[in-house]
Amino acid sequence: MSNAQHPSITAILGGTFNPPHQGHINAALSAADTLGIDNVQLMPSKLPPHKQIDVSEVHRVNMIELSCQGNERLSPQLIELSLPSPSYTVKTLRALKQASSDTICFFIGADSLYNLDQWYEWEALLSYCHLIVMRRDSETFSPGPAITRWLGKNAITNKDELYTKPNGCVLLVDTPLFNVSSTALRDMLCKRSNIDKNGDESSADILDQWLPSGVIEYIEANQLYKS
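The following block contains the structure:
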């Protein structure tokens, strides 16, 4: 099935996007391809309770917009930034559902699924969306007992159900392994000022591989991740 036939499907990838990188984007687009969804919205979180963010919302939004500029399948979704702090996914999904009648497919990684029972009102998530779990091809899938029981009640194997039900399903989708993390990229960017002096081409190549060129230029122009 394609999204052209079912325009009511909205696919969303949430995260801090600090910075946004191709590991995030390519995994989500791969999952969207599997599901027949054309477009993915990148939704930056506002103030996640479990993470410290040193880069401002404005910078993160600008980097997301730059990431979307080079790919017509991507667009920003900024609703969470307008909601009261702290950010909780269930509250954001509720706000999205109130703003639109679209069916929401919310993408998360398998690592997030393992901790899902620690999320605020996690059992209410499926009242507002279908949950798409991006599982890496080469990794062992091993959620804990509570999540395993929950999957037993809610997981589906037929992706067509995403188009016939408004919410309530969990679908596991295998995606390629993109061996990159925001933390590693931030560490490299922190050392970026010394790369040219020391001739560390390998680090520069890694940054060029995983960050859109416009994002790298923006980071350098605004002196982000320098300390």
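Residues 286 to 512 in the numbering used here are what the sequence shown lists, from first letter to last. Beta carbons are placed, not taken as given, at the ideal position from N, Cα and C, and that holds for glycine. None of the values given here were measured: they were computed from a predicted structure.
Margin query: Can you tell me whether I338 is helix, strand or coil according to DSSP?
Written below: Start at 1 with the first residue of the sequence shown, and residue 338 comes out as number 53. Note: I338 maps to coil in three-state DSSP.
Next item on the list: Count the other C-beta atoms from every protein chain shown that fall within 10 angstroms of the C-beta of G300, then say buried if there are 16 or more, exposed otherwise.
Entry: In the sequence shown, residue 300 corresponds to position 15, counting from 1. G300 comes out buried.
Item checked: Option in S293, N303, R358, A296 with minimal Cα separation from D472 -> Position 187 of the sequence shown, counting from 1, holds the residue named residue 472. D472 has its Cα closest to that of N303, out of S293, N303, R358, A296.
Note to self: Am I right that R421 and A395 are in contact with their C-beta atoms under 8 angstroms? What's the rounded C-beta distance?
What the structure shows: Within the sequence shown, residue 421 is the residue found at index 136, counting from 1. Within the sequence shown, residue 395 is the residue found at index 110, counting from 1. Yes, they are in contact, since the Cβ atoms of R421 and A395 sit about 7 angstroms apart, within 8 angstroms.
Note to self: Can you tell me which residues form a DSSP beta bridge with R421?
What the structure shows: What you label residue 421 is simply residue 136 of the sequence shown in a count that begins at 1. BP columns for R421 point to T460.
Check: Would I294 be called buried (16 or more neighbouring beta carbons within 10 Å of its own) or exposed?
Finding: Reading the sequence shown from its first residue, position 9 is the one you call residue 294. By the 10 Å Cβ count, I294 comes out buried.
Margin query: Distance check for G437 and Y510, CA to CA, integer angstroms please.
Written below: The residue you call residue 510 lines up with position 225 of the sequence shown. The residue you call residue 437 lines up with position 152 of the sequence shown. Rounded to whole angstroms, Y510 to G437 spans 42 angstroms at the Cα level.
Next item on the list: Could you check the C-alpha separation between S315 and P371 for me, to the nearest Å?
Entry: Looking up residue 315 in the sequence shown gives position 30. Looking up residue 371 in the sequence shown gives position 86. Taking the straight line from one Cα to the other gives about 30 angstroms.
Notebook entry, point to check: Exposed or buried, T449, counting other C-beta atoms within 10 Å across all chains shown (16 or more means buried)?
Noted result: Looking up residue 449 in the sequence shown gives position 164. With fewer than 16 other Cβ atoms within 10 Å, it is exposed.
Next item on the list: Let me know the secondary structure DSSP gives P430 once reduced to three states.
Entry: Translated into positions along the sequence shown, residue 430 becomes position 145. Helix, per DSSP.
Item checked: Span of the beta strand (DSSP E), counted from its first residue to its last, around V325 -> Your numbering for residue 325 matches position 40 in the sequence shown. Element bounds for V325: 325 to 329.
Next item on the list: Report the rounded CA-to-CA distance for L401 versus L456, giving the unit in angstroms.
Entry: Walking along the sequence shown from the start, residue 401 turns up at place 116. Walking along the sequence shown from the start, residue 456 turns up at place 171. Cα-Cα distance, rounded: 15 angstroms.
Item checked: Neighbourhood of A313 by C-beta distance below 6 angstroms, restricted to the same chain and skipping five residues each side -> As a first step, residue 313 is located in the sequence shown; it is residue number 28 there, counting from the start. Excluding positions up to five away in sequence, the list reads L298, V325, F392.
Note to self: Along the chain, where does the beta strand (DSSP E) containing C390 start, and where does it finish?
What the structure shows: What you label residue 390 is simply residue 105 of the sequence shown in a count that begins at 1. Note, C390: beta strand (DSSP E), 388 to 394.
Note to self: For chain C, check one thing: does any of its Cβ atoms lie closer than 9 angstroms to the Cβ of S386?
What the structure shows: Looking for chain C here will not work: only one protein chain is present.
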